[in-house]
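First the structure, in the form of structure tokens, and then the observations on it.
There are 2 protein chains.
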Amino acid sequence: MVTIYDVAKRAGVSPATVSRVFSGHANVAQARADAVHEAARELDFVPNRNARRLRTNSSEIIAMMVPDIENPFFTLMTRAVEDVAREAGFSVMLCNTNEDPVREHEYMRVAVSEPVAGVILVPSPGTNLDLALERSVPVVCADRHALGYEVDTVVADNKDSSASATRLLYDAGYERIACVTGPDGVETADMRMAGWALAVQEHTGAPPDPCLGIRAAYTVEDGERAVRLLMDLPQPPDAIFAANNRLGAAALRVLNERGLLPPTVGVVSFGGLPLILLAPLGVLITHLPARELGHQAARMLLERINGLAAPARSVTLPVVVGGEGSGIDMIYKAQGSAE
Amino acid sequence: MVTIYDVAKRAGVSPATVSRVFSGHANVAQARADAVHEAARELDFVPNRNARRLRTNSSEIIAMMVPDIENPFFTLMTRAVEDVAREAGFSVMLCNTNEDPVREHEYMRVAVSEPVAGVILVPSPGTNLDLALERSVPVVCADRHALGYEVDTVVADNKDSSASATRLLYDAGYERIACVTGPDGVETADMRMAGWALAVQEHTGAPPDPCLGIRAAYTVEDGERAVRLLMDLPQPPDAIFAANNRLGAAALRVLNERGLLPPTVGVVSFGGLPLILLAPLGVLITHLPARELGHQAARMLLERINGLAAPARSVTLPVVVGGEGSGIDMIYKAQGSAE
DNA sequence: TGTTTTCATGAAATCGATTTCAGGGCAAGG
DNA sequence: CCTTGCCCTGAAATCGATTTCATGAAAACA
Chain F
456 MVTIYDVAKR
466 AGVSPATVSR
476 VFSGHANVAQ
486 ARADAVHEAA
496 RELDFVPNRN
506 ARRLRTNSSE
516 IIAMMVPDIE
526 NPFFTLMTRA
536 VEDVAREAGF
546 SVMLCNTNED
556 PVREHEYMRV
566 AVSEPVAGVI
576 LVPSPGTNLD
586 LALERSVPVV
596 CADRHALGYE
606 VDTVVADNKD
616 SSASATRLLY
626 DAGYERIACV
636 TGPDGVETAD
646 MRMAGWALAV
656 QEHTGAPPDP
666 CLGIRAAYTV
676 EDGERAVRLL
686 MDLPQPPDAI
696 FAANNRLGAA
706 ALRVLNERGL
716 LPPTVGVVSF
726 GGLPLILLAP
736 LGVLITHLPA
746 RELGHQAARM
756 LLERINGLAA
766 PARSVTLPVV
776 VGGEGSGIDM
786 IYKAQGSAE
Chain G
456 MVTIYDVAKR
466 AGVSPATVSR
476 VFSGHANVAQ
486 ARADAVHEAA
496 RELDFVPNRN
506 ARRLRTNSSE
516 IIAMMVPDIE
526 NPFFTLMTRA
536 VEDVAREAGF
546 SVMLCNTNED
556 PVREHEYMRV
566 AVSEPVAGVI
576 LVPSPGTNLD
586 LALERSVPVV
596 CADRHALGYE
606 VDTVVADNKD
616 SSASATRLLY
626 DAGYERIACV
636 TGPDGVETAD
646 MRMAGWALAV
656 QEHTGAPPDP
666 CLGIRAAYTV
676 EDGERAVRLL
686 MDLPQPPDAI
696 FAANNRLGAA
706 ALRVLNERGL
716 LPPTVGVVSF
726 GGLPLILLAP
736 LGVLITHLPA
746 RELGHQAARM
756 LLERINGLAA
766 PARSVTLPVV
776 VGGEGSGIDM
786 IYKAQGSAE
């Protein structure tokens, strides 16, 4: 392995000087600096980061903890984080938590002992950040808040935009609107359902019929089960508000099975459907700011890594509630940002 | 920071013994080991991985370099790698190369200087592995070979299955089959086009009409441009073999624009279309073994990390060329594996 | 019982870069 | 011409765990 000692010998300087040239923390005479660079190039020198990190007790790795990288929403968020991180000289360590607090905690141990420079976390219900905070590893939450902790957080404006989307269904003439949302305790699921309930209350003057608000895991399979349940009700809904992209896909699939595609039954998919080719007319797709969530979270984390000591900040990003356009129009939008 | 010296002092042993207890490489008397564990617990000791790595010159990080994590094919591959890696106690560092050899090389520098335990690489054309091989960082290529290097490689059976898929179009009665493939020099693009050409030659007894074989970047936008070109030919094709999922989506979108959806014009999408909801009848989707590619690559890499010194191995995984079923059938297949 | 082997252990060297400290060279000021 | 001070520079200490080496004790063998 080529070390700074080899470079130093070749360049005729001391190892300390080589280090100074590469870390740039002190002044080195131009002639020597050139000699060092030349020697480094000739020897194809790559500094050993472990040695550097041991000494400086720092690292250039950000842990990105998401429930499931296969969900295009999180894929896009991760991609955005990686872009910002790379720009700033950081690498991204990918951690799938599977929405499982135990797994999340295991990863947190790894992150702390690594130690990583910081963590961007989509918290699972029951998340525990004690370890990271004790060890003062900065944490930024994205998409959801971490219950019981005061850390920087970036979320989408779930409740208001869910209400808006639901109102659009009423505007389109639907009257009995159901909601399929995610698990109890998952913030996005709860907020979106709350938004739906708010719009229903506004429109009907009464809280929604409890059997129209139903929960499922954020998967296509479980979503289908839930939508079937809804459509099998004695008084089935004439429109469905689906609280994420998986559930939106599930709704469309069940409705397709039964020949009830929009506009027969109205559908809102909260979150884009990537690569969707031929969306039926009358599907309303809202555009979650996945990329912006990632960018913003990464930027805030970098600020913390650079020593920012302000109290915890909370940012809420707007959700674009797309107009109820033609299938093709919406396809293009969904495609463009590939949410 | 709590170090092994603190633990040693408290447990009344030497730092060497503490190290032995934690790394488990040598025997320590039970009584002392207990004392060490107890002291470690009391002090809440977490070993510093940087120090360990510096000494052992190893790490528990695998670099995963893919062209674009947003392509569901690579997302799934990455997920599979992460699953295997986690099982074995490794973490995954995510690197988007953007199909750009310069960016790939930058990441390779990071990986080498990290240094990571190994690299799983989807090579860009013009990839350069010298750095990694010099530094004896194990590399496994996935999805494509690295031109000019002898390293472990896992690929899909692109040529044969492209030929099979093309034959299915002939069987369905299409006669003038075009091919939209990826950039020149990208192995998957070349092999898939070769498979298409082979089937055309077999069927017509002559090499394919050159203007029917067209190249595009592996993006929806550029794919649309290419497909438009094809459909604007004086003698347009009556079927399209699209060499990856993005190009498949592009083909369907252009055909939809023009009212020529299958079965009017036949389509093969080589690679699944995730979350596709309402595939038109007559779209043939082949299922790339993304998950298996990832699993296999990760397993082979772990073997190398553990010191395996055999000559480079090459594994080819089969591609399932789905039957031309009803839209819904295919939807379920595409969904299930979310390629 | 005497000899050899095995085993657990601590002291100290080691990994490779960073950083402190002290000294030498040089310019400015008296 | 002699200080004072600044800037570069190299020697050596340092980060925290691992590992080699030497040692002494215990176990195995004859």
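So the protein sequences, as listed, match chains F and G. Quick note, the first sequence lines up with residues 456 to 794 if you use this note's numbering. Quick note, the second sequence lines up with residues 456 to 794 if you use this note's numbering. Just so it is clear, CB atoms sit at the ideal spot from N, CA and C, and this is done for glycine as well.
Cα-Cα separation between residue i and residue j, rounded to whole angstroms
| i | j | result |
| --- | --- | --- |
| G:Asn613 | G:Tyr673 | 16 Å |
| F:Ser474 | F:Asp489 | 13 Å |
| F:Pro691 | F:Gly726 | 24 Å |
| G:Arg465 | F:Ala767 | 37 Å |
| G:Pro665 | F:Cys550 | 46 Å |
| F:Leu730 | G:Asn699 | Here the model assigns F:Leu730 a pLDDT of 49, short of 50, so the residue's position is not dependable and the matter cannot be decided. |
| F:Phe528 | F:Ala745 | 6 Å |
| F:Ala654 | F:Tyr625 | 9 Å |
| F:Tyr562 | F:Glu676 | 27 Å |
| G:Arg670 | F:Ala540 | 33 Å |
| F:Ala535 | F:His742 | 16 Å |
| F:Gln790 | G:Glu525 | At F:Gln790, the pLDDT of 29 sits below 50, so the modelled position is not reliable and the matter cannot be decided from this model. |
| F:Leu498 | F:His492 | 10 Å |
| F:Arg487 | G:Glu559 | 31 Å |
| F:Val571 | G:Thr552 | 22 Å |
| G:Leu602 | G:Leu584 | 10 Å |
| F:Val557 | G:Glu542 | 15 Å |
| G:Asn503 | F:Ser546 | 19 Å |
| F:Leu702 | F:Val723 | 10 Å |
Same chain, Cβ closer than 8 Å to residue i, neighbours up to 5 away in sequence not counted
| i | result |
| --- | --- |
| F:Glu679 | Ala705, Arg708 and Val709 |
| G:Gly544 | Glu515 |
| G:Met548 | Ile516, Ile517, Ala518, Met519, Ala566, Glu569 and Val571 |
Sequence-distant residues of its chain with Cβ nearer than 6 Å to residue i (five each side left out)
| i | result |
| --- | --- |
| G:Pro773 | Asp612 |
| G:Gly650 | Lys614, Ser617 and Ala618 |
| F:Gly479 | none |
Range of the contiguous alpha helix (DSSP H) that encloses residue i
| i | result |
| --- | --- |
| G:Ser616 | Asn613 to Asp626 |
| G:Val539 | Pro527 to Glu542 |
| G:Arg558 | Pro556 to Ser568 |
| G:Arg759 | Ala745 to Ile760 |
| F:Arg465 | Ile459 to Ala466 |
| F:His492 | Gln485 to Leu498 |
| F:Gly650 | Glu642 to Thr659 |
Same chain, Cβ closer than 7 Å to residue i, five either side skipped, listed in chain order
| i | result |
| --- | --- |
| F:Leu756 | Ile517, Gly573, Ile575, Pro593 and Val595 |
| G:Leu662 | Sequence check: residue 662 of chain G is Pro here, not Leu. Once the five neighbours on either side are set aside, the close Cβ partners of G:Pro662 are Ala652 and Gln656. |
| G:Glu642 | Arg599 and His600 |
| F:Leu748 | Met532, Ala597, Asp598, Val609, Ala611 and Leu772 |
| F:Glu630 | Asp693 |
| G:His750 | Ala535 and Val539 |
| F:Pro638 | Ala644, Arg670 and Ala672 |
Where residue i meets chain G, residues with beta-carbon distance less than 9 Å
| i | result |
| --- | --- |
| F:Met548 | Ile516, Ser546, Val547, Met548 and Leu549 |
Residue i: first and last residue of the uninterrupted beta strand (DSSP E) it sits in
| i | result |
| --- | --- |
| G:Ser514 | G:Ser514 -> no beta strand (DSSP E), and no H or E assigned at all. |
| F:Arg768 | Premise fails: F:Arg768 is in no beta strand (DSSP E) and is neither H nor E. |
| F:Arg475 | No beta strand (DSSP E) contains F:Arg475, which is instead part of the alpha helix (DSSP H) from Pro470 to Ser478. |
| F:Leu549 | Ser546 to Asn551 |
| G:Thr421 | The structure shown does not extend to residue 421 of chain G, since chain G spans only 456 to 794, so no value can be given for it. |
| F:Arg670 | Gly668 to Arg670 |
| F:Ile575 | Gly573 to Leu576 |
Residue i: contacting residues in chain F (beta-carbon distance under 8 Å)
| i | result |
| --- | --- |
| G:Thr533 | Ile524 and Leu549 |
Proximal chain G residues relative to residue i, where beta-carbon distance stays under 8 Å
| i | result |
| --- | --- |
| F:Pro502 | Ser568 |
Neighbouring residues, chain G, relative to residue i (Cβ below 7 Å)
| i | result |
| --- | --- |
| F:Thr530 | Ile524, Glu525 and Thr530 |
| F:Val722 | Neighbours of F:Val722 on chain G: none; closest Cβ ~11 Å, over 7 Å. |
| F:Val565 | Ser546 |
Under 7 Å by beta carbon: chain F residues contacting residue i
| i | result |
| --- | --- |
| G:Leu509 | Asn505, Ala506 and Leu509 |
Contact set between residue i and chain F, taken where Cβ atoms lie within less than 9 Å
| i | result |
| --- | --- |
| G:Glu537 | Ile524, Leu549, Cys550 and Asn551 |
Tell me the start and end of each unbroken beta strand (DSSP E) in the region 680–722 of chain G that is at least 3 residues and wholly inside, in chain order. As far as the region 680–722 of chain G is concerned, its whole beta strand (DSSP E) runs of at least 3 residues are 694–697.
As an exercise, report each continuous alpha helix (DSSP H) stretch of at least 4 residues that is fully enclosed by the region 584–611 of chain G, in chain order. The alpha helix (DSSP H) runs of length 4 or more contained entirely in the region 584–611 of chain G are, from start to end of the chain, 585–589.
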